[in-house]
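Student: Quick one: structure below, then a few questions.
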Amino acid sequence: MALEDVRLNPHARIFHHEMGSERQPVLIIDDFLLNPEALIEYACQCEFAPEKKLYPGHRVNAPDVYTRALRTSLPQLLARIFNTQPGDINAAESSYSLVTQAPATLKVLQRLPHFDSLNRRELASVYFLCNREREEYGGTAFYRHRKTGFESVDTSRIKAYSQAVEQQLQNGKVPPADYIRGDTELFEQIEQFPARFNRLLLYRCTSLHSGMIGPNFDFSRDPAAARLSINTFLVG
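Right, dumping it as structure tokens:
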């Protein structure tokens, strides 16, 4: 199956959800593409490399055909849901992602929910290509920081949020070496969206979130069998 076979599904199912007390928008598109298997086949031919930043795994650039699908299909929808500019969407980065880092090796910041950007105009998307539904693949969860009440962090909040978290960590509230699951002493989970094959999930980069990595996760590096996704950052 060739990448040229990858195209938008005219019968994709679109859902709009608002989460938490801040009513931050989330867009879910199920059955997003026709022939998504071609993207898995392509990934199996790629050489993944360890992520040098905080992503707990391996990554490699995704093909242009996927980025074009986002650019052509989403502008009007994103303008309505996220109040972005209705013109063209700029895809700053799009990459295949595999979670491969064992819990015992996680840095402290990798054990906490995170935000991707302080710019509310920037959006993040996760496109799940993991094989059908397996509980250990989890999905994506969103959180509220208990002390500040923040569910998102932008330029107006970063100082207060950073100071609060740093103080909590210095006071001995360092989470155990594991992926965050559900509520913790520092964070309350406000929403979760399961990883489903051919599902696209979009949200603001400022939202506090984390991958849901189950206790029985196998950390496989085989794209055909692992928790394969494509992560993209968009500016509207």
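When we follow my numbering, the leftmost residue of the sequence shown carries the number 158, and every step to the right adds one. All residues carry an ideal CB built from backbone N, CA and C; glycine is no exception.
(1) Taking DSSP as the reference, what is the three-state secondary structure of GLU323?
(2) Can you give, in chain order, each stretch of the beta strand (DSSP E) that sits fully within the region 281–351 and has at least 3 residues?
(3) Give the secondary structure of PRO372 by DSSP, where H, G and I count as helix, E and B as strand, and everything else as coil.
(4) Can you confirm whether the region 359–379 touches the region 271–288 when touching is taken to mean that 3 or more C-beta pairs between the two stretches lie within less than 8 Å?
(5) Just to confirm, are ARG123 and ASP162 a CB contact at a threshold of 7 Å?
(6) So, are the CB atoms of ALA219 and SER252 less than 7 Å apart?
(7) Quick one: what does DSSP say ILE246 is sitting in, helix, strand or coil?
(8) For the region 183–248, which segments carrying the alpha helix (DSSP H) assignment without a break, of at least 4 residues, lie completely within its bounds, in sequence order?
(9) Sort out for me which residues DSSP pairs GLU175 with in a bridge.
(10) Our contact map puts HIS215 next to LEU165 with C-beta atoms below 8 Å; I'd like the distance itself, whole angstroms only.
(11) Exposed or buried, THR224, counting other C-beta atoms within 10 Å across all chains shown (16 or more means buried)?
(12) Check the DSSP bridge columns for HIS168 and list the partner residues they point to.
(13) Can you list, in chain order, the residues of its chain with a C-beta nearer than 6 Å to that of ALA383? Leave out the 5 residues immediately preceding and following it.
Tutor: Considering the structure as presented:
(1) As a working note, residue 323 is residue 166 in the sequence shown. Note: GLU323 maps to helix in three-state DSSP.
(2) 296–302 and 344–351
(3) Within the sequence shown, numbered from 1, the residue matching residue 372 stands at position 215. Correct three-state label for PRO372: coil.
(4) yes
(5) No statement about residue 123 is possible, as the shown extent of the chain runs from 158 to 393 and does not include it.
(6) The residue labelled residue 219 in the question sits at position 62 within the sequence shown. The residue labelled residue 252 in the question sits at position 95 within the sequence shown. Closer than 7 Å, so yes.
(7) Working through the sequence shown from its first residue, we reach residue 246 at position 89. Note: ILE246 maps to coil in three-state DSSP.
(8) 194–201, 221–230 and 232–239
(9) By 1-based counting over the sequence shown, the position of residue 175 is 18. Note: GLU175 sits in a beta bridge opposite PRO182.
(10) Your numbering for residue 215 matches position 58 in the sequence shown. Your numbering for residue 165 matches position 8 in the sequence shown. That belief does not hold up - the Cβ atoms of HIS215 and LEU165 are roughly 28 Å apart, past 8 Å.
(11) Mapped onto the sequence shown, residue 224 falls at position 67. Buried, because 16 or more other Cβ atoms sit within 10 Å of the Cβ of THR224.
(12) Along the sequence shown, one-based indexing puts residue 168 at 11. The partner list for HIS168 (beta bridge, DSSP) is empty, contrary to what the question assumes.
(13) Numbered from its first residue, the sequence shown carries residue 383 at position 226. If we look at ALA383 and ignore the five residues flanking it on each side, its Cβ neighbours are LEU255 and SER377.
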